[in-house]
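Counted the way our numbering counts, the sequence shown spans residues 20 to 326.
Everything below concerns the one structure shown next.
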Amino acid sequence: MNASRIAPLLHHIVRLAILLGLTAYVAYLSATGQILLFIAPQLVKYADLAAGCMALFMLGQLYLLIRSFRAPAAACDCGHSHGHDDHGHSHEPAGGPVKNGLVYGLFVLPLLLGLLLPNEAFAGSLAHNKGMNLGVFSGGGMPADLARLDGTEDPDLKQLFRSDTYDRDYAKLGMLLYKQDTIAMSDEWFIEKLQAMNTFADNFQGKKLQIRGFVYREEGLAANQLIIGRMAMTHCIADISPYGIIAEADNAGGYANDSWVTLTGTLATATFHEQKVVKLTIESAEPASAPEIPYVYPDWDFGKKLK
């Protein structure tokens with residue numbers, strides 16, 4: 020086999036290897052759930068679709084490779100017969116080895132980074148750069164209409180959670196949280212619960228709450244205060260932002276930054292950066308481990324799921 024046949028074969032092999040690597044990597048991330056370290060759940064189906072498309076391209080490239088072994092110039096479009104070994108020109112893709120190497124490198128480099136570097140999540144270190152979001156309601160004016168749930172609700176409860184069109188779903192969620200003996204800040208609807216409690220902060224004074232998250236501090240907190248937070252991902256790793264609740268205790272200084280804890284306590288209100296927010300008066304604290312997928316994700320359709 021002469022040099023004019025070897026070069027095209029090498030290109031087919033490289034392309035096949037790249038497609039195989041990318042397809043296998045995305046499929047692995049999806050199968051293990053680690054893809055949620057990079058994109059939000061609502062985008063996983065598109066990543067799976069992309070992996071399926073790459074698998075088809077990979078099969079096509081495999082076909083071209085096999086065909087090239089049988090007819091080395093099968094993919095050439097030079098416009099003449101290839102029934103001979105030496106027709107005076109090369110079938111290597113245009114651009115030269117340097118240009119082709121750079122193009123392949125655009126695909127190989129991120130693949131190698133993904134394979135060689137650990138899949139780690141961001142926590143308090145990123146919160147220092149972006150600042151903590153306490154879920155403060157940004158709407159204006161006094162709400163006017165009564166938020167209504169399906170079925171019969173206590174009129175006094177509806178009166179507590181008066182709402183306008185913007186925060187109607189948060190009022191519905193707030194009523195559900197209000198009826199719980201202890202509000203559990205689970206991963207599901209973490210952001211939505213935080214928004215609901217801050218929108219109707221006065222209603223939740225005296226309510227019990229349990230939350231797991233990382234410890235964070237920023238300028239403006241008192242010596243006996245900290246923030247217990249989680250990182251939230253809207254679409255992908257590039258847009259993650261920290262969300263949390265101010266927590267207060269006499270021994271707050273004993274909680275190390277970035278450590279994970281589970282806090283239980285009673286809700287009250289506080290003013291932070293000229294905004295009224297809920298705060299947690301700590302009654303008990305336990306060390307906790309970070310979840311395998313430590314991010315929380317917004318649910319844009321949570322209002323439709325409320326019962």
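For glycine and all other residues, C-beta sits at the position ideal for the given N, C-alpha and C.
This structure is a prediction, so every number in the text was calculated from the model and none was measured.
Using alpha carbons as the reference points, say which of the options lies closest to residue i.
{"i": "Ile265", "options": "His254, Ala257, Gly239, Leu136", "result": "Gly239"}
{"i": "His254", "options": "Asp221, Tyr65, His31, Lys295", "result": "Tyr65"}
{"i": "Gly263", "options": "Ala242, Ile210, Asn270", "result": "Ile210"}
{"i": "Gly115", "options": "Asp188, His30, Ser308, Ala190", "result": "His30"}
{"i": "Gly225", "options": "Ile247, Val297, Leu192", "result": "Val297"}
{"i": "Leu228", "options": "Ala242, Asp183, Ile247", "result": "Ile247"}
{"i": "Ala268", "options": "Phe321, Thr300, Ala190", "result": "Thr300"}
{"i": "Glu311", "options": "Leu56, Leu38, Leu179, Asp221", "result": "Leu56"}
{"i": "Leu325", "options": "Ser303, Leu176, Asp188, Leu132", "result": "Asp188"}
{"i": "Leu81", "options": "Leu28, Leu286, Gly284", "result": "Leu28"}
Under 8 Å, do residue i and residue j count as touching if we go by C-beta distance?
{"i": "Gly154", "j": "Asn217", "result": "yes"}
{"i": "Asn138", "j": "Ser260", "result": "no"}
{"i": "Val45", "j": "Ala69", "result": "yes"}
{"i": "Ala251", "j": "Tyr314", "result": "yes"}
{"i": "Tyr274", "j": "Val234", "result": "yes"}
{"i": "Arg236", "j": "Asn276", "result": "yes"}
{"i": "Ala12", "j": "Thr281", "result": "For the chain, the structure presents residues 20 to 326; residue 12 sits outside this window and is missing."}
{"i": "Tyr123", "j": "Ile37", "result": "yes"}
If you reduce the DSSP assignment to three classes, tell me which class residue i lands in.
{"i": "Ala242", "result": "coil"}
{"i": "Tyr316", "result": "coil"}
{"i": "Phe233", "result": "strand"}
{"i": "Lys149", "result": "helix"}
{"i": "Ser308", "result": "coil"}
{"i": "Leu168", "result": "At Leu168 the pLDDT is 49, less than 50, meaning the model places this residue with poor confidence; the figure from the coordinates comes in the next sentence. Correct three-state label for Leu168: coil."}
{"i": "Gln294", "result": "strand"}
{"i": "Gly154", "result": "coil"}
{"i": "Ser182", "result": "strand"}
{"i": "Lys323", "result": "helix"}
{"i": "Ala59", "result": "coil"}
{"i": "Ala275", "result": "coil"}
{"i": "Ala163", "result": "Caution is warranted here: a pLDDT of 44 is assigned to Ala163, below 50, making its placement in the model unreliable, and no coordinate value can be reported."}
Mind checking which residues open and close the alpha helix (DSSP H) that includes residue i?
{"i": "Pro174", "result": "174–179"}
{"i": "Met194", "result": "187–197"}
{"i": "Thr201", "result": "Not the alpha helix (DSSP H): Thr201 falls in the beta strand (DSSP E), residues 201–204."}
{"i": "Lys64", "result": "63–89"}
{"i": "Tyr123", "result": "115–135"}
{"i": "Glu211", "result": "209–218"}
Name the DSSP beta bridge partners of residue i, please?
{"i": "Val280", "result": "Gly232, Pro306"}
{"i": "Met250", "result": "Pro261, Tyr314"}
{"i": "Ala287", "result": "Lys298"}
{"i": "Lys227", "result": "Thr201, Thr285"}
Following the continuous beta strand (DSSP E) through residue i, name the residue where it begins and the one where it ends.
{"i": "Ser260", "result": "260–267"}
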